[in-house]
Amino acid sequence: MAGIYFHIPFCKRACAYCDFFKEIGTRRLAPLVAAMHRELENRRDYLGGEAVRTRYFGGGTPSLCPPETIRGALRRTEELFDCTAVEETTLEANPDDLDEAYLSALREAGVDRLSIGIQSFDDDCLRLMNRRHTAAQAEEAVRAARRCGFANITVDLIFGVPGFGGDSLRRSLDRTLALDVQHVSAYHLTVEPDTAFGRRAARGDFRPVDEEVSEREFLAVHDALCEAGYEHYEVSNYARPGFRARHNASYWHGEKYLGIGPGAHSYDGSGRCWNVASVEEYIGGAPAQGERLTDRDRRNEYVMTRLRTAEGIDLGEFGKRFGPDRLGRLLRAAESPIQASRAVVDGQRLKIPPERFLVSDQVIETLFEA
Ligand code: SF4
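Numbering of the sequence shown is given in this note's numbering, commencing with residue 0 and proceeding in unit increments.
Right under this line is the structure:
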């Protein structure tokens with residue numbers, strides 16, 4: 000089974016923490032959509048005839064697209080690929096784009112899962128991050144989505160924002176829980192150089208939180224969501240039973256995916272390719288770049304993606320895929336994180352306990368094969 004990803008690179012304004020590839024304003028939406036349709040057509044064989052299980056509109060801000068654009072992309076996908084077994088079609092949205100007319104049209108077009116970028120329920124924190132919605136708008140967006148028939152809603156939250164831990168984070172978590180959504184993605188703020196926060200940090204007027212605060216806030220999020228019945232199944236993701244994100248899980252499990260649009264990445268089981276991260280060059284037909292994966296790449300990727308999940312690495316499967324020598328080396332490399340309680344062997348599985356996911360990158364790095 001495979002996935003198709005559409006990258007919509009437009010935003011109304013830049014959030015203070017965001018270094019994703021994006022362009023402000025939608026004036027080039029029409030030529031971009033035409034180019035995306037051309038790409039879909041040209042790459043109709045990329046998935047090798049595999050049935051499409053998930054479709055995902057990410058960005059950028061896909062909710063800046065009129066519903067006809069979304070509908071057109073989905074219909075074309077159905078003409079070109081086997082979409083008879085699609086299980087999930089997700090669209091990322093900003094709360095202030097979501098009114099009932101728009102939401103109903105999305106439902107009719109075939110979107111069945113909404114990913115709403117809420118980030119915080121503290122209006123001061125939202126202003127600091129240069130988000131364009133308020134907490135009240137976010138709550139109303141979730142309610143409106145439910146009224147319009149969305150039964151699978153995920154919201155994004157950001158923690159580790161200086162000055163907005165403690166009570167502010169607690170209130171955001173309470174308001175998230177009160178909305179009773181099916182899925183929550185919670186990310187620690189990272190301060191990237193090419194962002195408003197990064198520039199402020201370079202001038203010395205913005206200080207990222209320290210490790211102790213990070214850990215405290217991570218555990219506050221983890222505990223609140225787990226106590227409310229969400230399963231912490233991946234570093235940043237929490238789900239009600241039966242509502243894990245299927246599209247993202249296909250990346251973690253090495254399934255094929257086709258990425259359409261500027262900056263989008265694709266994987267066909269043996270190699271990866273990526274489109275130029277420029278709207279202009281993409282519309283102009285710039286070819287994708289690609290690379291074949293070596294055995295070591297595949298092994299490292301397997302370790303990285305599996306250890307980011309609650310299931311971890313199935314050691315039996317690892318041994319079959321990569322051989323007994325590599326399994327022995329993996330177990331030897333895991334001794335030190337296991338001694339430090341940052342990893343465990345549980346039956347046949349090597350895992351990072353979810354309450355230690357905050358340091359997963361450091362653990363994974365020690366397990367990479369050079
Ligand atoms: S966080 Fe989302 S809405 Fe904000 S600038 Fe980045 S892509 Fe656009």
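Positions of the beta carbon are idealized from the N, C-alpha and C atoms, including for glycine.
Taking all protein chains shown into account, do 16 or more other C-beta atoms lie within 10 angstroms of the C-beta of residue i, making it buried, or fewer, making it exposed?
i: T83; result: exposed
i: R112; result: buried
i: D345; result: exposed
i: Q288; result: exposed
i: K319; result: exposed
i: P66; result: buried
i: D123; result: exposed
i: P336; result: buried
i: A223; result: buried
i: L218; result: exposed
i: N93; result: buried
i: D96; result: buried
i: Q118; result: buried
i: G231; result: Before going further, note that residue 231 is His rather than Gly in the sequence given. Buried, since its Cβ has 16 or more Cβ neighbours within 10 Å.
May I ask which residues mark the beginning and end of the alpha helix (DSSP H) holding residue i?
i: D222; result: E210 to E226
i: D345; result: Where D345 is concerned, there is no enclosing alpha helix (DSSP H), although the beta strand (DSSP E) it sits in stretches over V343 to D345.
i: K381; result: Here the chain comprises residues numbered 0 to 369, so residue 381 is not present and cannot be evaluated.
i: S359; result: S359 to L366
i: S171; result: G165 to L178
i: A33; result: L28 to N41
i: A201; result: A195 to R202
Mind checking whether the beta-carbon of residue i lies closer than 7 Å to any heavy atom of the ligand SF4?
i: A13; result: yes
i: N370; result: No statement about residue 370 is possible, as the shown extent of the chain runs from 0 to 369 and does not include it.
i: T153; result: no
i: F19; result: yes
i: C10; result: yes
i: G260; result: no
i: N93; result: yes
i: T88; result: no
i: T133; result: no
i: G58; result: yes
i: G197; result: no
i: G372; result: Because the chain spans 0 through 369 in this model, residue 372 falls outside it and cannot be assessed.
Identify the continuous beta strand (DSSP E) that holds residue i and give its terminal residues.
i: E138; result: Run containing E138: none in the beta strand (DSSP E); it sits in the alpha helix (DSSP H), A134 to R146.
i: F158; result: I152 to F158
i: V51; result: V51 to G58
i: K11; result: No beta strand (DSSP E) holds K11; DSSP gives it neither H nor E.
i: G260; result: No beta strand (DSSP E) contains G260, which DSSP labels as neither H nor E.
i: R348; result: R348 to K350
Just list the residues that DSSP pairs residue i with in beta bridges.
i: Q288; result: W273
i: S114; result: E91 and T153
i: S184; result: D155 and N236
i: E22; result: F9
i: Y301; result: Bridge partners of Y301: none, in fact.
i: E230; result: A238
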